[in-house]
Amino acid sequence: MSLTPAAREYLLALADDEHMIGARHTNWIGLGPFLEEDLAFCSIAQDELGHAIGLYELLLDDAGTDRTQLDAFALQRAPGDYRSCWLAEIKCLDWSDSLVRHWLYDRAEDLRWKALESCTDPVVAALSLRAQREESFHLAHAEQFLSRLASTDQSARIVASIERLMPIAFGLFDSVATEPDMLAEGFITQSSADIEALWIDAILDDLKRWDLDVDIVAGPGQFNEQRRTVRSDGFDALQADLLKVISLDPIAVW
Amino acid sequence: MNRYEVFLKKLGRDEFRHAGSLDAADPEMAVMYARETHNRRAEGSEMWLVDRRHVLVADPESMAVNDQKPHRHNDGSRVAARRKENRNSEA
């Protein structure tokens, strides 16, 4: 095992975020507002799940666990053992909420992967480069879609979604408890607080460019005490959903 | 929404080929969507998009006339038959 417990905890938080946001995005398969968008959004979901798989495999390899255990590790942990943030977990029934969440999440995700670009672990650094290439498409998609909606009569809906999701989005930057060790070891180059500051700048910049007037009420640190260990309402139902197929035949080999 | 025709070219000497079409609000979004609708498995290494409104369309009636000109179809079979005939007569 070459990863420190701190590094494992940190990567697990990113992996679980990618897993949950990917799973939630896939809820739109076949339901996107039009065919081209349906395909693009589901591609983004698939990319996020791909990032999660890359990180889960890394964690399994490091622990000396066979990769056949990936499904069990990804899907069958106790809720308290997940480290995902609430923004990635919650159910967004409204397309406008899902689109805004995608933008808020990917703005942060891009910065989080960048912080791992020169990671002391070469596998993590390689994953970071791959993820960043994919993120450039995710961000272009969010920018193009939202910038156009912002200038239509749907802008009020977008603003309402931003105001609803923004307080939850700050939970993205609830660092895992071990983060200070990671910085000291040089595993990451930026703290969650650094990333959060860059993220707020990027978000405010987007809003200004789109000419959207939004009150950003919640400040940093609102969820800090939870340190990603408490699951959001609806997590149990989400996990049950994800386990539906596995539960049909728990010993089947895929 | 506007319709765009997508053309893909594989790496190497192949020509651009029509891959299909898509609908998008404007050219920038069309290029963004085409990446996933027609190149999600890297089917091409280069891509063209053409606004359907910019495609020049020929009149099918004017084209159909040429279907009545069998003398323009030369598959070489008459020449081959003649050469065979010549060979046989020499033998």
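Just so you know, the protein sequences line up as chains R and V, in that order.
Under the working numbering, residues 139 to 392 are what the first sequence spells out, in order.
Under the working numbering, residues 69 to 159 are what the second sequence spells out, in order.
Heads up, the beta-carbon is just placed ideally off N, CA and C, and yes, glycines get one too.
query = Any residues in the segment 88 to 117 of chain V with a beta carbon nearer than 9 Å to a beta carbon of chain R? Which ones, in chain order?
reply = From the segment 88 to 117 of chain V, only L90, D91, A92, A93, D94, E96, M97, A98, M100, Y101, A102, R103, E104, T105, R108 have a Cβ closer than 9 Å to chain R.
inquiry  = Under 8 Å, Cβ to Cβ, is there at least one residue of chain V near P272 of chain R?
reply    = The amino acid at residue 272 of chain R is misidentified as Pro; the sequence shows Glu. No, its Cβ sits nowhere closer than 8 Å to a Cβ of chain V.
Spatial neighbours of Y194 of chain R in its chain, beta-carbon cut-off 7 Å, leaving aside the 5 residues before and after = Once the five neighbours on either side are set aside, the close Cβ partners of Y194 of chain R are A153, L208, F211, A212.
Burial state of E186 of chain R (16 or more Cβ within 10 Å) = With 16 or more other Cβ atoms within 10 Å, it is buried.
query = Does the segment 226 to 242 of chain R touch the segment 279 to 299 of chain R, meaning 3 or more C-beta pairs lie closer than 8 Å?
reply = The segment 279 to 299 of chain R makes contact with the segment 226 to 242 of chain R; the number of CB pairs closer than 8 Å reaches 3 or more.
ask   = Q270 of chain R: which of R:I182, R:V297, R:L225 sits nearest, CA to CA?
value = It is R:I182.
request  = Name the one or two DSSP bridge partners that M115 of chain V has.
outcome  = According to DSSP, M115 of chain V bridges with V:L76.
ask   = Do the segment 256 to 267 of chain R and the segment 228 to 239 of chain R touch if we need at least three Cβ pairs shorter than 8 Å?
value = The segment 256 to 267 of chain R is not in contact with the segment 228 to 239 of chain R.
Whole-angstrom distance between H86 of chain V and A201 of chain R, CA atom to CA atom = Using only the alpha carbons, I get a separation of about 49 Å.
message = Three or more C-beta pairs under 8 Å: does that hold for the segment 78 to 98 of chain V against the segment 367 to 386 of chain R?
response = Three or more beta-carbon pairs separated by less than 8 Å are not found between the segment 78 to 98 of chain V and the segment 367 to 386 of chain R, which leaves the two stretches without contact.
message = Can you give me the C-alpha to C-alpha distance between I167 of chain R and C180 of chain R, rounded to a whole angstrom?
response = Separation of I167 of chain R and C180 of chain R (C-alpha to C-alpha, rounded to the nearest whole angstrom) is 6 Å.
task = Evaluate M160 of chain V with the Cβ neighbour count: other Cβ atoms within 10 Å of its Cβ, from every protein chain shown; 16 or more gives buried, anything less gives exposed.
result = The shown model of chain V, from 69 to 159, leaves out residue 160 of chain V, and the question about it has no answer.
message = My output table needs one value for G324 of chain R: the three-state DSSP class, helix, strand or coil.
response = The answer is coil: DSSP assigns G324 of chain R none of H, G, I, E or B.
Contact set for V262 of chain R: own chain, Cβ-Cβ below 6 Å, skip 5 residues either direction = L254, listed in sequence order.
key: Supposed contact pair A190 of chain R and Y38 of chain V - C-beta distance, whole angstroms, cut 8 Å   = Residue 38 of chain V is absent from the structure shown; chain V starts at 69 and stops at 159.
C-alpha gap between I129 of chain R and L310 of chain R, whole angstroms = Within the shown structure, residues of chain R are numbered from 139 to 392, placing residue 129 of chain R beyond reach of any answer.
task = Specify the secondary structure class of S89 of chain V as computed by DSSP and reduced to three states.
result = Strand.
inquiry  = On the criterion of 16 or more Cβ atoms from any shown chain inside 10 Å, does F172 of chain R qualify as buried, or is it exposed?
reply    = Exposed is the label assigned to F172 of chain R, since fewer than 16 other Cβ atoms lie within 10 Å of its Cβ.
message = Contact defined as beta carbons within less than 8 Å: I believe F373 of chain R pairs with P260 of chain R. What is the distance between those atoms, to the nearest angstrom?
response = About 34 Å separates the two Cβ atoms, so there is no contact after all.
query = What residues from chain V crowd round A161 of chain R, counting only those whose CB sits closer than 7 Å?
reply = Result: empty, since nearest Cβ-Cβ is about 19 Å, beyond 7 Å.
request  = Verify the CB distance criterion: does L177 of chain R have a CB-CB separation below 8 Å to chain V?
outcome  = Under the Cβ distance rule, L177 of chain R counts among the residues neighbouring chain V, one pair being separated by less than 8 Å.
ask   = Apart from the five residues on each side of it in sequence, which residues of its chain come closer than 6 Å, Cβ to Cβ, to L150 of chain R?
value = Result list for L150 of chain R: R221, in chain order.
task = Grab the span of the alpha helix (DSSP H) containing A264 of chain R for me, first residue to last.
result = Start and end: 260 to 288.
request  = Return no unless some Cβ of chain V is closer than 8 Å to the Cβ of S293 of chain R.
outcome  = Nearest CB-CB separation between S293 of chain R and chain V: not below the 8 Å threshold.
query = Thinking C-alpha only, which one of V:N154, V:D143, V:R150, V:E73 is nearest T105 of chain V?
reply = Distance from the Cα of T105 of chain V is smallest, within the candidate group V:N154, V:D143, V:R150, V:E73, for V:E73.
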